[in-house]
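J.: I have a structure here, written as structure tokens, and I will follow up with some questions on it.
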DNA sequence: ATCACTTACGGGTGACGTAAAAATC
DNA sequence: GATTTTTACGTCACCCGTAAGTGAT
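Residue numbers (the working numbering), protein chains in the order written: chain A, 1 to 278; chain B, 279 to 556.
Shown next as structure tokens:
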């Protein structure tokens with residue numbers, strides 16, 4: 001059989017026009033290319049070049065061969081990419097969520113359950129989540145509404161309650177609960193990766209400003225050292241107890257402040273997801 | 279890049295199930311296959327096998343890889359075949375004719391004109407000739423009728439007159455000409471590769487028998503030593519003068535006994551054919 | 001004991017590099 | 001003189017084979 005390196009050199013020659021240029025781009029010496037092209041001709045039993053004393057060009061057969069060579073090289077490159085991608089999908093559990101809260105609960109459980117797999121997660125919009133789920137980019141996704149679609153299985157997973165987080169001197173600190181209307185106009189320190197919560201609070205408190213922080217720890221740090229309110233939820237209070245230091249958490253009483261999360265996945269991943277729900 | 283020999287060994291393993299069997303069929307030693315598979319895994323950065331102590335099977339990724347490998351190997355085999363076929367077509371002038379007569383004139387001229395090319399020819403039915411001409415299997419064909427088709431160029435090339443060939447004692451030997459009707463009922467020695475002439479004589483002399491000879495020289499030999507008539511034409515009389523030894527050639531006067539031949543070719547071969555017609 | 005795979009080691013092919021020559025611009 | 005191809009020669013990688021070891025049937 002004709003080895004790939006011969007086809008590579010043939011393609012390089014076609015692309016660059018001279019043996020020297022081809023060799024240059026292949027990072028090998030020029031005589032190697034000369035020899036390889038002869039070997040290719042010999043193996044095919046066919047002449048591929050018109051040779052003058054110090055000039056060499058592809059003949060008709062050579063052009064045809066170069067085309068085929070390109071196709072084969074592309075196919076091999078594709079094979080390599082596909083196999084790597086397949087293997088990666090096989091060894092990673094990629095999860096998408098509409099908000100970070102459920103991931104805080106899920107990811108530790110996932111890494112414990114699938115110790116040999118890499119767990120990775122994204123926070124995306126519902127639209128992007130569904131598209132990628134369909135593409136098998138995610139093993140499952142988490143939405144804040146149930147999904148009625150034959151293609152997917154949908155199971156309620158958990159809820160999350162939004163709180164306002166203030167220091168002791170803040171007027172709201174003494175209240176048992178608060179409404180978005182009451183808090184509207186306050187300026188908040190906010191983590192930037194809050195998913196759908198961002199649109200909720202912006203809609204419900206249109207007069208407020210939200211100072212977004214890329215870094216989750218910075219949110220707690222800045223909030224602890226300022227009078228600005230921030231957000232928390234029943235989940236973050238449990239997972240990140242440090243965030244409660246010196247802060248009073250008051251729940252929003254509006255229905256929009258309570259989210260119910262649903263695990264959504266294809267049937268083929270039922271087994272994996274069942275272990276999560278167990 | 280991944281070399282072909284690795285893909286070959288992977289495919290062989292998939293096909294035969296064990297490294298030893300694969301090695302056997304590849305005509306190499308078994309440890310070579312073992313090493314090659316490891317190398318393949320290393321180059322892909324992916325595990326392709328489930329290995330137990332003395333057992334090795336393809337995993338999911340391996341199966342996928344083997345499928346891709348097969349496709350690439352097939353593609354390469356195809357490339358090789360196509361290139362060889364292309365080159366061969368480039369270096370051969372293949373010609374098809376409805377009858378052997380025109381080839382007797384043409385082939386010597388062709389071999390003289392294209393000394394560096396291999397000349398080969400077939401005698402086929404009109405239908406087969408047109409199909410293969412369209413397929414570029416022939417540079418040109420010769421039919422016994424003009425063809426009015428935009429795709430092809432058609433030029434009158436030569437004529438051929440059919441004769442009956444008898445010995446001196448045969449009644450027809452004294453005639454200046456003969457009709458098929460008069461000769462009907464006679465039994466003929468006939469060369470088997472006469473193309474369309476066979477259908478002509480069978481139609482025109484339905485009561486005759488035709489004893490076909492595969493070997494052209496046998497026709498002359500047998501005819502010379504028998505009282506049976508045979509066929510000749512103005513062309514064979516010129517090209518094979520030995521066939522006249524002791525034989526009288528009497529022309530058939532019927533119009534069907536005279537053929538006019540036409541050279542038919544695609545425009546792309548105009549140059550080549552022009553040199554024949556010059 | 002046989003079979004299947006791996007590991008270790010040695011050998012030879014062949015792919016590559018360097019150097020130099022030939023030819024063209 | 002610069003560029004391009006070919007030829008010659010030396011080197012090293014690597015692919016293969018043999019032999020030996022391990023574990024399973």
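Each residue gets a CB set at the ideal place from its N, CA and C atoms; glycine is no exception.
Sort A:267, A:139, A:141, A:200 by Cα distance to residue 163 of chain A and report the nearest one.
T.: Considering only alpha carbons, the answer is A:200.
J.: Please list the residues of the segment 37-67 of chain A that have a C-beta atom closer than 8 Å to any C-beta atom in chain B, keeping them in chain order.
T.: 44, 45, 46, 47, 60, 61, 64, 65
J.: Run through the segment 384-413 of chain B for me and flag every whole beta strand (DSSP E) of 3 or more residues, listed as ranges in chain order.
T.: Within the segment 384-413 of chain B, the complete beta strand (DSSP E) runs of at least 3 residues are 396-401.
J.: Looking at the unbroken beta strand (DSSP E) that takes in residue 142 of chain A, where does it start and where does it end?
T.: Annotation for residue 142 of chain A: the continuous beta strand (DSSP E) segment containing it runs 140-143.
J.: Going by C-alpha to C-alpha distance, which of A:243, A:252, A:142 sits closest to residue 181 of chain A?
T.: A:252
J.: I'd like to check one pair, residue 178 of chain A with residue 118 of chain A: are the Cβ atoms closer than 8 Å?
T.: no
J.: For residue 529 of chain B, which residues does DSSP report across the bridge?
T.: BP columns for residue 529 of chain B point to B:441.
J.: Is it true that the CB of residue 431 of chain B sits closer than 8 Å to the CB of residue 407 of chain B?
T.: no
J.: Would you check if the distance between the CB atom of residue 186 of chain A and the CB atom of residue 165 of chain A is smaller than 8 Å?
T.: Contact annotation: residue 186 of chain A and residue 165 of chain A have beta-carbon atoms that are not nearer than 8 Å.
J.: In chain B, which residues lie less than 9 Å from residue 5 of chain A when you measure between Cβ atoms?
T.: 279, 281
J.: For a test of the three-state rule: what should DSSP assign to residue 96 of chain A, helix, strand or coil?
T.: strand
J.: Residue 70 of chain A CB to nearest chain B CB: under 8 Å?
T.: No, residue 70 of chain A does not count as interfacial toward chain B.
J.: What residues from the segment 359-384 of chain B come within 8 Å of chain A, judged by C-beta to C-beta, listed N to C?
T.: 360, 361, 362, 364, 365, 368
J.: Can you give me the Cβ contacts of residue 274 of chain A inside the same chain, cut-off strictly under 8 Å, excluding the 5 residues immediately before and after it?
T.: none
J.: Residue 392 of chain B and residue 541 of chain B - do their beta-carbons sit closer together than 8 Å?
T.: no
J.: Tell me the rounded alpha-carbon separation between residue 358 of chain B and residue 319 of chain B.
T.: 27 Å
J.: Between the Cα of residue 472 of chain B and those of B:381, B:423, B:355, B:413, spot the shortest distance and give me the residue it belongs to.
T.: B:381
J.: Any chance you could list the alpha helix (DSSP H) runs of at least 4 consecutive residues sitting entirely within the segment 11-76 of chain A, in chain order?
T.: 19-26, 30-44
J.: Taking only beta-carbon atoms, is residue 232 of chain B less than 8 Å away from chain A?
T.: With chain B represented from 279 up to 556, any question about residue 232 of chain B goes unanswered, as that position is not in the structure.
J.: From the beta carbon of residue 286 of chain B, is the nearest beta carbon of chain A less than 8 Å away?
T.: yes
J.: Report the option in A:55, A:25, A:241, A:143 whose CA atom is closest to the CA atom of residue 261 of chain A.
T.: A:143
J.: Give me the residue from A:13, A:10, A:83, A:2 with the minimum Cα distance to residue 286 of chain B.
T.: When each option's Cα is compared against that of residue 286 of chain B, the closest is A:2.
J.: Tell me residue 488 of chain B's beta-bridge partners as DSSP assigns them.
T.: In DSSP, residue 488 of chain B forms a bridge with B:466.
J.: Is the beta carbon of residue 344 of chain B less than 8 Å from the beta carbon of residue 336 of chain B?
T.: yes
J.: Nearest CA to the CA of residue 238 of chain A: which residue from A:13, A:90, A:101, A:172?
T.: Minimum Cα distance to residue 238 of chain A is reached at A:101.
J.: At what residue ranges does the segment 502-552 of chain B contain a whole run of the alpha helix (DSSP H), taking only runs of 4 or more?
T.: 512-517
J.: Mind listing the chain A neighbours of residue 353 of chain B? Cutoff is C-beta to C-beta under 9 Å, in chain order.
T.: Close to residue 353 of chain B, with beta-carbon spacing below 9 Å, are these residues of chain A in chain order: 68, 71, 72, 75.
J.: With a CB to CB cut of under 6 Å and the five nearest residues on each side skipped, what residues in its chain are close to residue 339 of chain B?
T.: Closer than 6 Å at the Cβ level, and outside the excluded window around residue 339 of chain B, lie 324, 326.
J.: For residue 160 of chain A versus residue 235 of chain A, is the C-beta spacing smaller than 8 Å?
T.: yes
J.: At 8 Å on the CB atoms, spell out the chain A contacts of residue 468 of chain B, in chain order.
T.: Correct list: empty, because the minimum Cβ distance to chain A is about 41 Å.
J.: Please list the partners that residue 79 of chain A has in chain B, where partner means a Cβ-to-Cβ separation under 7 Å.
T.: 346, 350
J.: Tell me which same chain residues have a C-beta within less than 7 Å of the C-beta of residue 470 of chain B, skipping the five on either side of it?
T.: 490, 491, 492
J.: Restricting to Cα atoms, I'd like to know which of A:44, A:38, A:43 is closest to residue 51 of chain A.
T.: For the options A:44, A:38, A:43, the alpha carbon positioned closest to that of residue 51 of chain A is the one of A:38.
J.: Where do the N-terminal and C-terminal ends of the alpha helix (DSSP H) with residue 201 of chain A fall, by residue?
T.: Run containing residue 201 of chain A: 197-204, per the alpha helix (DSSP H) assignment.
J.: Determine the closest residue to residue 518 of chain B out of B:355, B:383, B:354, with distance taken between C-alpha atoms.
T.: Ranking the options by Cα distance to residue 518 of chain B, first place goes to B:383.
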